[in-house]
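Residue numbers (the numbering used here): 119 to 290.
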């Protein structure tokens, strides 16, 4: 413990007040200051990822957009952690996390959306099919998974992708 705060350098002082716990408290406040939370998250970097993913796992959606945007900004650190927590996340969070992976562009190592095409949740299946359709090597299986789905929106996405595939084939 430091008895005289004037003897502490700036980084050490900030390290004492910019913590994952403080970020989490701020995000769960009645009126969260998202601008300040973003500054904390960008300073904490890797340490901020888990509290932000936990926020996505909460039922309340008021900060889900902010959480997704911030995790994308922290892509270097968040991608692998999102993949690690994805399978055990609540269904509503899985949708958001698949969307984050889509926004990252480059999939984290070892990630595949295929297992999520069997989810009981139509939104999760839809996001998984969308991800598959964005990769040439998965496009055909994504179309099949989408056409085999009972959700009309997922079927529509697969039909549109299948139609584009047919048109591309005709153009060759």
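Don't be surprised by glycine CBs; every beta carbon is placed ideally from N, CA and C.
| Query | Result |
| --- | --- |
| Looking at C-alpha atoms only, which residue of 242, 266, 265 and 232 is the closest neighbour of residue 256? | 232 |
| Kindly say whether residue 163, judged by its beta-carbon, lies nearer than 9 Å to any beta-carbon of chain D. | The structure shown contains no chain D; it is built from a single protein chain. |
| Taking 8 Å as the cut-off, does the CB of residue 154 come closer than this to any heavy atom belonging to the ligand GDP? | For the ligand GDP, the structure offers nothing, since it holds no ligand at all. |
| Of all the options 248, 254, 253 and 268, which has the alpha carbon lying nearest to the alpha carbon of residue 278? | 248 |
| When DSSP labels each residue in this structure, what does residue 136 get in the three-state scheme? | coil |
| Leaving out the 5 sequence neighbours to the left and right, which residues in its chain are closer than 8 Å to residue 151 when beta-carbon positions are compared? | 144 |
| Which of helix, strand or coil does DSSP assign to residue 149? | coil |
| Which residues mark the beginning and the end of the alpha helix (DSSP H) in which residue 195 is found? | 193–204 |
| Assess contact between the segment 218–227 and the segment 175–184, defined as three or more Cβ pairs (one per stretch) separated by less than 8 Å. Is contact present? | no |
| Would residue 269 and residue 252 qualify as a contact pair, given that the criterion is a beta-carbon distance under 9 Å? | no |
| With DSSP collapsed to three states, give me the class of residue 169. | helix |
| Using the rule of at least 16 other Cβ atoms within 10 Å of the residue's Cβ for burial, across every protein chain shown, is residue 288 buried or exposed? | Below a pLDDT of 50, predicted positions are generally treated as unreliable, and residue 288, at 45, falls in that range; no measurement from the model is reported. |
| Tell me whether residue 196 is buried or exposed, calling it buried when 16 or more other Cβ atoms sit within 10 Å of its Cβ. | buried |
| Can you give me the C-alpha to C-alpha distance between residue 250 and residue 228, rounded to a whole angstrom? | 14 Å |
| For the candidate residues 169, 146, 230 and 242, whose alpha-carbon lies nearest to that of residue 272? | 242 |
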